[in-house]
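Notes follow once the structure below has been shown.
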Amino acid sequence: MHSALLIDEVLEVILEHCSDWQPEDYRWTLCQVARSCKAWKDPALDRLWKRLAKVDPLLLLLNEQGDGGKPILPHLVSANLHHDGCLIPSHWIDATALQSLDVDVRASSSSPASLARGTNIANLLSHSSIVKLRVRGWMTQALNNTINTLGSSLQSLILHTGKSLTAQTLAAISLFPRMEELNLHASHIEGDSFLESVDSLLAQYNATILPSFPTLHTLRIRGTRSLFCAILTCLPSGTLRSLYLETEDPEQGVATWKPTFDLLVSKTSDSLIEFTLDQILEPEEMDAILSLNTERASDADTHIASALDTLRPLRGLKALKKFTVDGMILPEFTDKDLEELAKWWPNLEHLDLGTLPGVLEHGGAEAEKWKPKVTVKALEVLAKCCPDLRSLTLPLDICENSSELSKTCHNQNNDAVIQQRTLTRLLVGYKAVSEDKDSEVIPAFVRTALRLFPEIQEIECTSLDRSVSVDVALEVSLKEHGLRVGTLDGFANGR
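Written out as structure tokens, the structure reads:
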């Protein structure tokens, strides 16, 4: 046997490479590897214990230790329980010591299996002072009820539980005094239902008002705009710092979003640092929106609001440093739009407007017509107006104005060219013309970007057909040694 195979790190790479095999085959292989060589025993067994099909082997191993009635794992503070692992015997863990629990019921609907797992987890949590909880899969009513009682200790909660999350549980969570981070999938809960449940709780406490989400600073929610607005209504001003809003509502435009954005600004104008807006659409919903936009564009009497018009209420977010739009249909910006947006948030550190819209993957006439409206001139504007920008992602026409700006930068000395020295990562989505044309345009674009952002480390240009990635730090290092990398033009082609 080659001596390299005795090195743990080499063996780990080999075992990891095989980890996508069928679970039964992988476990059998790990057993054989553990028996083959003393040097391989521990790495193979470590992986095997992490992939047990059921808890029976552990029960056999630890059965004698559990006979005394004392917890087998009395000092365990963190546990991941997946599938039948949710049926862990109660005497294994001292629940009062448990701080973090990750539960995956592995069921998307009510069933005898999910009922048994949920009931056991509910029993475990009922004796705990847990700080961090993550639940995926169907929640039983018992588990809903138990979560309602964790307010005295819980600080971080993730519930990806589909329609099993009740409005009553969400209302109870809103009153948790120490809750700092909340991540929910709650598309089935309407805002009115949530507010009614909050009022019902207040009545139970004989109180007219109790602080809702008093310490919440990070919120990630998949839900309707009505639910989000209801949560904002309850939220105290000046506490929320990070927001990820994921909505499945197909409606777009100024009238649709303005009430939501106005309310958001009124609550978080001085506190919100990160904001991500994600819109998920079904293919038929996306087709309907594209068809409507085409009809409006052909009607000379119809005013089509720009993406900037929709986002304009957000200019009141004075502390914003990270803004991301991640939707199936990306908003269309122009150079002028980005100039105004940069003036709203001069302290931006991360700006992500997406690369390629989802429409390209569906093909058809809309995909053929798509072309970014933002040109290379926008980079010059952002270099000037956003001195703290560290990463930038946007759809970009790398051909339009590229040659003109490149010549301007080349003819000026470095002192005359606007240079921004904090950006290290640039990702652009572009519409490919041909491989020959791209091989001319992309290097020219990269040189222009480097003149504007001399500290950049990574540039990636993505089209529907291919991705071109440039590791600038590697390029510089190789050139210093007289070497080249990638394609004939010196750039990696992403293949």
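Under this note's numbering, the first residue of the sequence shown is numbered 3, with each subsequent residue one higher.
Glycine residues also receive a C-beta, built at the ideal position from the N, C-alpha and C atoms.
So for residue 207, helix, strand or coil by DSSP?
Along the sequence shown, one-based indexing puts residue 207 at 205. The answer is coil: DSSP assigns residue 207 none of H, G, I, E or B.
Mapping DSSP to helix, strand and coil, what is residue 294?
For this step, residue 294 is matched to residue 292 along the sequence shown. Unreliable positioning characterises residue 294 in this predicted model, as indicated by a pLDDT of 49, which lies under 50. The coordinate reading is nonetheless provided below. Three-state DSSP puts residue 294 in a helix.
Residue 358 vs residue 327 beta-carbon contact at 8 Å
To locate residue 358, count along the sequence shown from 1; it is residue 356. To locate residue 327, count along the sequence shown from 1; it is residue 325. No, they are not a contact pair.
Since residue 86 sits in a beta bridge, which residues does DSSP pair it with?
Taking the first residue of the sequence shown as position 1, residue 86 is located at position 84. DSSP output for residue 86 lists no bridge partner at all.
Using a 10 Å radius around the Cβ and a threshold of 16 neighbouring Cβ atoms, would you call residue 179 buried or exposed?
Taking the sequence shown and counting its residues from 1, the one referred to as residue 179 is at position 177. With fewer than 16 Cβ atoms within 10 Å of its Cβ, residue 179 is classed as exposed.
Starting from residue 13, trace the alpha helix (DSSP H) in both directions and tell me its first and last residue.
For the purposes of this step, residue 13 is taken as the residue at position 11 of the sequence shown. Residue 13 -> alpha helix (DSSP H) spans 10-19.
Chain-order list of residues whose beta-carbon lies under 8 Å from that of residue 173 (same chain, five-residue window excluded)
Position 171 of the sequence shown, counting from 1, holds the residue named residue 173. These residues qualify, in order along the chain: 196, 199, 200, 202 and 203.
Which of helix, strand or coil DSSP assigns to residue 107
By one-based count along the sequence shown, residue 107 stands at place 105. Residue 107: coil per DSSP, three-state reduction.
Is residue 91 helix, strand or coil when you go by DSSP?
For the purposes of this step, residue 91 is taken as the residue at position 89 of the sequence shown. Correct three-state label for residue 91: coil.
I'd like to know whether the C-beta atoms of residue 229 and residue 215 end up nearer to each other than 8 Å.
As a position in the sequence shown, residue 229 is number 227, starting the count at 1. As a position in the sequence shown, residue 215 is number 213, starting the count at 1. No, these two residues do not count as a Cβ contact at 8 Å.
Between residue 106 and residue 84, what straight-line distance do the alpha-carbon atoms span, to the nearest angstrom?
To locate residue 106, count along the sequence shown from 1; it is residue 104. To locate residue 84, count along the sequence shown from 1; it is residue 82. Their Cα atoms are separated by approximately 5 Å.
Are residue 336 and residue 375 close, meaning C-beta to C-beta below 8 Å?
What you label residue 336 is simply residue 334 of the sequence shown in a count that begins at 1. What you label residue 375 is simply residue 373 of the sequence shown in a count that begins at 1. Yes. Within cutoff.
Are the CB atoms of residue 275 and residue 536 within a distance shorter than 8 Å?
Only positions 3 to 497 of the chain appear in the structure, and residue 536 is not among them; the question remains open.
For residue 121 and residue 141, I'd like the C-alpha separation in whole angstroms.
In the sequence shown, counting from the first residue as 1, residue 121 sits at position 119. In the sequence shown, counting from the first residue as 1, residue 141 sits at position 139. So the two alpha carbons sit approximately 9 Å from each other.
Give me whichever residues DSSP pairs with residue 185 in a beta bridge.
By one-based count along the sequence shown, residue 185 stands at place 183. Answer is 160 and 222, bridged to residue 185.
Contacting residues, own chain, Cβ-Cβ under 6 Å from residue 117 (five flanking each side not counted)
Taking the sequence shown and counting its residues from 1, one reaches residue 117 at position 115. Answer for residue 117: 142, listed in chain order.
From the DSSP output, in three-state form, read off residue 115 for me.
Stepping through the sequence shown from its first residue, residue 115 is reached at position 113. The answer is helix: DSSP assigns residue 115 an H, G or I state.
For the alpha helix (DSSP H) holding residue 263, just list the boundary residues, first then last.
Here the question's residue 263 lines up with position 261 in the sequence shown. 256-270 is the extent of the alpha helix (DSSP H) around residue 263.
Using 10 angstroms around the beta-carbon of residue 433, count the other beta-carbons present and answer buried if the total reaches 16, otherwise exposed.
The residue given as residue 433 occupies position 431 in the sequence shown. The residue is buried, with at least 16 neighbouring Cβ atoms inside 10 Å.
Determine the burial state of residue 15: buried for a count of at least 16 other Cβ atoms within 10 Å of its Cβ, exposed for fewer.
One-based indexing of the sequence shown puts residue 15 at position 13. Exposed.
Does the beta-carbon of residue 11 have 16 or more other beta-carbons within 10 angstroms, so that it is buried, or is it exposed?
Stepping through the sequence shown from its first residue, residue 11 is reached at position 9. Exposed, by the Cβ-count rule.
Quick check on the DSSP output: the alpha helix (DSSP H) that includes residue 34 runs from which residue to which?
Your numbering for residue 34 matches position 32 in the sequence shown. For residue 34, the enclosing alpha helix (DSSP H) begins and ends at 25-38.
Does residue 228 come out as helix, strand or coil in the three-state DSSP assignment?
As a first step, residue 228 must be located in the sequence shown, where it is residue number 226. Taken through DSSP and simplified to helix, strand or coil, residue 228 comes out as helix.
Hey, how far is the Cα of residue 148 from the Cα of residue 23?
Walking along the sequence shown from the start, residue 148 turns up at place 146. Walking along the sequence shown from the start, residue 23 turns up at place 21. Each residue's Cα considered, the two are about 37 Å apart.
So, are the CB atoms of residue 186 and residue 223 less than 8 Å apart?
Counting from one through the sequence shown, the residue named residue 186 turns up at place 184. Counting from one through the sequence shown, the residue named residue 223 turns up at place 221. Contact check for residue 186 against residue 223 passes: the beta carbons are separated by less than 8 Å.
Which residues share a DSSP beta bridge with residue 281?
The count along the sequence shown starts at 1 and reaches residue 281 at position 279. Paired residue(s): 249 and 329.
Which of the three DSSP states is assigned to residue 319 in this structure?
Your numbering for residue 319 matches position 317 in the sequence shown. Correct three-state label for residue 319: coil.
Quick one: grab the DSSP three-state call for residue 454.
Residue mapping note: residue 454 aligns to position 452 of the sequence shown, counting from 1. Helix.
With H, G and I counted as helix, E and B as strand and the rest as coil, what does DSSP make of residue 236?
Counting from one through the sequence shown, the residue named residue 236 turns up at place 234. Of the three classes helix, strand and coil, the one that applies to residue 236 here is helix, per DSSP.
Apart from the five residues just before and just after residue 305, which ones in its own chain have a Cβ nearer than 6 Å to its Cβ?
Within the sequence shown, numbered from 1, the residue matching residue 305 stands at position 303. Any answer about residue 305 is weak, because its pLDDT of 38 lies below 50 and its placement is not dependable; what the coordinates show is given next. For residue 305, where only same-chain residues beyond five positions count, there are no Cβ hits under 6 Å.
Closest by CA to residue 221, which one among 161, 255 and 151?
Locating residue 221 in the sequence shown gives position 219, where the first residue counts as 1. It is 161.
Where DSSP assigns a beta bridge to residue 216, which residues make up the other side?
Counting from 1 along the sequence shown, the entry for residue 216 is found at position 214. Under DSSP, residue 216 takes part in no beta bridge, so it has no partner.
In or out: residue 42 buried (at least 16 other Cβ within 10 Å) or exposed?
Locating residue 42 in the sequence shown gives position 40, where the first residue counts as 1. Under this definition residue 42 is a buried residue.
Burial state of residue 270 (16 or more Cβ within 10 Å):
For the purposes of this step, residue 270 is taken as the residue at position 268 of the sequence shown. Buried.
Kindly indicate which residue of 265, 154 and 281 has the alpha-carbon position closest to the one of residue 253.
As a working note, residue 253 is residue 251 in the sequence shown. That would be 281, whose Cα lies nearest to the Cα of residue 253.
Looking at the unbroken beta strand (DSSP E) that takes in residue 132, where does it start and where does it end?
Within the sequence shown, numbered from 1, the residue matching residue 132 stands at position 130. First-last for residue 132: undefined, no H or E at that position.
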